[in-house]
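Colleague: For reference, the structure I am asking about is given below.
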Ligand SMILES: Cc1cc2nc3c(=O)[nH]c(=O)nc-3n(C[C@H](O)[C@H](O)[C@H](O)COP(=O)(O)OP(=O)(O)OC[C@H]3O[C@@H](n4cnc5c(N)ncnc54)[C@H](O)[C@@H]3O)c2cc1C
């Protein structure tokens, strides 16, 4: 029997009052409920690990896309070495093996007073703890002159149709053409990602269109990640093909002329790949979780609970990261595990761990097979209430190698299995 609108409103206000009165799941005599917004590296991992470590907790994961497509390794699609379908995985095992209820929908509003989220379909989900892991929104409006939704000037900074479209643009470009990638000021998603992309395009040109050029227009003062190793690849492997220009902040894009206007010059490209500035996903902004630089969500690094809104945890690229903590899939996966353990403890009124330790490894392909990495370990500093690099436990590859290429491919398969398998 369906509820009338009036009955529904009565139910809603009754449940709202109960939540407002602070009824715990135990007092309700029901299983605790966790809702996770976003099924990327952070959200999917958190959902799975809560169920794995605490099968008594009911977990619902809301993800708007039907399948997960990995950004890591997606730069290889541009070189034609990998297909996007090789980087695509389903959400079925989360449900079948771990009992995560996976809902394909979009969270359009968070009402923390009522402890519920509203979905685009109209469905309402109640929670005792909410985990928000929406990744980043790209902000083309912050690049003067860049048309929103342009099909010609792509970002391809979320793996999907744009990745394939950019690959097709490179294939269609004449030999002797110019590909230019613009990099926004840090912090942005995946610090080494744009430099890896430039290497992939340069490798493709060297193999298939040797008269063509790659231009990196970096708004930053210098290479943000793995500088020595990338510079070596550019000078030794791609001399005469790839050029790096620091301090190249975009003044304006002239989409018609396919030109980027910089402070002192105009740069024309045949394929223009503008990676715009970024911010935590809109759902976090709308919920009042964005409280750092108007872009990111500050969290307590012991629990990943928002410092702006109690009871709501934020993970992955959306957070205001600790110093030297990259916005990476690996790091998002680590946030998720610390948060999963903390959420379980909080729901059981137990103490949370005060010594979280997280790690990161980012591999970058500098050719079709050769890879370099950067790795770091980050421990909690109780005095400063932040995560800090553990000295002596971090580093980069000595040289690019095929062996690291095999590690990188294994890393991908392992992390996808860890979050979804
Ligand atoms: C080209 C490129 C290469 C990269 N290479 C690497 C690499 O080699 N190694 C590495 O570790 N990292 C890499 N990264 C970075 C990595 O992709 C991100 O750091 C990672 O995806 C962040 O995870 P996340 O869970 O925060 O966000 P995401 O993985 O983006 O997941 C967020 C999810 O939330 C969903 N969502 C958002 N809002 C809503 C809503 N309102 N309702 C429902 N669902 C919603 C989105 O659809 C999305 O699936 C790379 C990134 C790029 C672009």
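In my numbering, the protein residues as written are 339 to 759.
The beta-carbon is built from N, C-alpha and C at its ideal position, and this holds for glycine as well.
These numbers were taken from a predicted model, which means no experiment stands behind them.
1. Can you tell me which of the three DSSP states residue 745 falls into?
2. Quick check on the burial criterion: 16 or more other C-beta atoms within 10 angstroms. Buried or exposed for residue 394?
3. On the DSSP letters alone, give me the boundaries of the alpha helix (DSSP H) that residue 681 sits inside.
4. Applying the 10 Å Cβ sphere with the 16-neighbour rule, what's the burial state of residue 631?
5. Please state the DSSP three-state secondary structure of residue 533.
6. Can the beta-carbon of residue 447 be found less than 8 angstroms from the beta-carbon of residue 453?
7. Nearer than 7 angstroms: is that true of the beta carbon of residue 413 relative to any heavy atom of ligand 1?
8. May I ask which residues mark the beginning and end of the beta strand (DSSP E) holding residue 711?
9. At which residues does the beta strand (DSSP E) containing residue 383 begin and terminate?
10. DSSP three-state label for residue 360, please.
11. Runs of 4 residues minimum, wholly inside the stretch 494-562: which ones carry the alpha helix (DSSP H) assignment?
12. For residue 733, which residues does DSSP report across the bridge?
13. Below 8 angstroms on the Cβ atoms is my contact criterion, and I expect residue 846 with residue 518 to pass it. Report the Cβ-Cβ distance as a whole number of Å.
14. Could you tell me the alpha carbon to alpha carbon distance between residue 477 and residue 468, rounded to whole angstroms?
15. By the 10 Å Cβ neighbour count, where 16 or more other Cβ atoms means buried, how is residue 568 classified, buried or exposed?
16. By DSSP, does residue 758 sit in helix, in strand, or in coil?
17. Helix, strand or coil for residue 461, going by three-state DSSP, please let me know.
18. Taking its Cβ as the centre, do 16 or more other Cβ atoms sit within 10 Å of residue 404, making it buried, or is it exposed?
19. Return helix, strand or coil for residue 695, following the three-state DSSP convention.
20. Please name the residue or residues paired with residue 726 in a DSSP beta bridge.
21. Give me the Cα-Cα distance between residue 480 and residue 595, rounded to the nearest whole angstrom.
22. Quick one: residues in its chain with C-beta nearer than 6 angstroms to the C-beta of residue 511, no 5 flanking neighbours on either side, listed in chain order?
23. In whole angstroms, what separates the C-alpha of residue 413 from that of residue 534?
24. Which of the three DSSP states, helix, strand or coil, is assigned to residue 423?
25. Who are the near neighbours of residue 658 in its chain, counting only those whose CB is closer than 7 angstroms to its CB and skipping five residues on each side?
26. Tell me which same chain residues have a C-beta within less than 8 angstroms of the C-beta of residue 671, skipping the five on either side of it?
27. Among 619, 687, 586 and 699, which has the Cα closest to the Cα of residue 563?
28. Between residue 583 and residue 521, what straight-line distance do the alpha-carbon atoms span, to the nearest angstrom?
29. Between which two residues does the alpha helix (DSSP H) holding residue 413 run?
30. Examine the Cβ distances between the stretch 721-739 and the stretch 675-688 and report whether three or more of them are shorter than 8 angstroms.
31. Counting only the same chain and skipping the five closest in sequence on each side, list residues whose C-beta sits under 6 angstroms from that of residue 343.
32. Of the choices 385, 475, 443 and 472, whose alpha-carbon is the least far from that of residue 460?
33. For the alpha helix (DSSP H) containing residue 401, name the first residue and the last one.
34. Is the number of C-beta pairs between the stretch 535-547 and the stretch 570-577 that are closer than 8 angstroms three or more?
35. Buried or exposed for residue 655, going by 16 or more other Cβ atoms inside 10 Å?
36. Are at least three pairs of beta-carbons, each pair with one atom in the stretch 496-514 and one in the stretch 546-566, less than 8 angstroms apart?
Modeller: The structure says:
1. For the purposes of this step, residue 745 is taken as the residue at position 407 of the chain shown. Three-state DSSP puts residue 745 in a helix.
2. Stepping through the chain shown from its first residue, residue 394 is reached at position 56. Result: exposed.
3. One-based indexing of the chain shown puts residue 681 at position 343. Its alpha helix (DSSP H) spans residues 667-685.
4. The residue you call residue 631 lines up with position 293 of the chain shown. It counts as exposed.
5. Translated into the one-based positions of the chain shown, residue 533 becomes position 195. It is helical.
6. Looking up residue 447 in the chain shown gives position 109. Looking up residue 453 in the chain shown gives position 115. Contact flag unset, no.
7. Numbered from 1 along the chain shown, position 75 holds the residue referred to as residue 413. For ligand 1, at least one heavy atom lies less than 7 angstroms from the Cβ of residue 413.
8. The residue you call residue 711 lines up with position 373 of the chain shown. That run of the beta strand (DSSP E) goes 709-719.
9. Taking the chain shown and counting its residues from 1, one reaches residue 383 at position 45. Residue 383 -> not in any beta strand (DSSP E); alpha helix (DSSP H) instead, spanning 379-391.
10. Sequence index remark: in the chain shown, residue 360 carries index 22 (1-based). Residue confidence for residue 360 is low, a pLDDT of 41 falling below 50, so the modelled location carries little weight and cannot support an answer.
11. 499-510 and 531-546
12. Within the chain shown, the letter at position 395 stands for residue 733. BP columns for residue 733 point to 713.
13. Because the chain in this structure spans residues 339 to 759, residue 846 falls outside the shown range and cannot be described.
14. Counting from one through the chain shown, the residue named residue 477 turns up at place 139. Counting from one through the chain shown, the residue named residue 468 turns up at place 130. A direct Cα-Cα distance of roughly 26 angstroms separates residue 477 from residue 468.
15. Locating residue 568 in the chain shown gives position 230, counting from the first residue. When all chains shown are included, residue 568 counts as buried.
16. As a working note, residue 758 is residue 420 in the chain shown. DSSP places residue 758 in helix when its eight states are reduced to three.
17. If you number the chain shown from 1, residue 461 lands on position 123. Three-state result, residue 461: coil.
18. Numbered from its first residue, the chain shown carries residue 404 at position 66. Result: exposed.
19. To locate residue 695, count along the chain shown from 1; it is residue 357. Strand at residue 695.
20. As a working mapping, residue 726 is identified with position 388 in the chain shown. DSSP, once it has assigned bridges, lists 717 as partnering residue 726.
21. Within the chain shown, numbered from 1, the residue matching residue 480 stands at position 142. Within the chain shown, numbered from 1, the residue matching residue 595 stands at position 257. Answer to the nearest angstrom: the Cα atoms are 19 angstroms apart.
22. By 1-based counting over the chain shown, the position of residue 511 is 173. Result list for residue 511: 608 and 609, in chain order.
23. On the chain shown, residue 413 is found 75 positions in, with the first residue counted as 1. On the chain shown, residue 534 is found 196 positions in, with the first residue counted as 1. So the alpha carbons of these two residues sit roughly 7 angstroms apart.
24. To locate residue 423, count along the chain shown from 1; it is residue 85. Helix.
25. The residue you call residue 658 lines up with position 320 of the chain shown. If we look at residue 658 and ignore the five residues flanking it on each side, its Cβ neighbours are 630, 634, 635 and 636.
26. In the chain shown, counting from the first residue as 1, residue 671 sits at position 333. Within the same chain, residue 671 has close Cβ partners 379, 380, 383, 753, 756 and 757.
27. To locate residue 563, count along the chain shown from 1; it is residue 225. Nearest of 619, 687, 586 and 699 to residue 563, Cα basis: 699.
28. If you number the chain shown from 1, residue 583 lands on position 245. If you number the chain shown from 1, residue 521 lands on position 183. Answer to the nearest angstrom: the Cα atoms are 10 angstroms apart.
29. For the purposes of this step, residue 413 is taken as residue 75 along the chain shown, with counting starting at 1. Where residue 413 is concerned, the enclosing alpha helix (DSSP H) stretches over 413-416.
30. no
31. For the purposes of this step, residue 343 is taken as the residue at position 5 of the chain shown. Low local confidence applies: a pLDDT of 45 at residue 343 is under 50, so the model's placement there is unreliable, with the coordinate-based value given in what follows. No residues qualify anywhere along the chain.
32. Translated into positions along the chain shown, residue 460 becomes position 122. The option with the nearest alpha carbon to residue 460 is 443.
33. Numbered from its first residue, the chain shown carries residue 401 at position 63. Residue 401 -> not in any alpha helix (DSSP H); beta strand (DSSP E) instead, spanning 396-401.
34. yes
35. Locating residue 655 in the chain shown gives position 317, where the first residue counts as 1. Around the C-beta of residue 655, 16 or more other C-beta atoms lie within 10 Å, and the residue is accordingly described as buried.
36. Of all C-beta pairs linking the stretch 496-514 to the stretch 546-566, three or more are shorter than 8 angstroms, placing the two stretches in contact.
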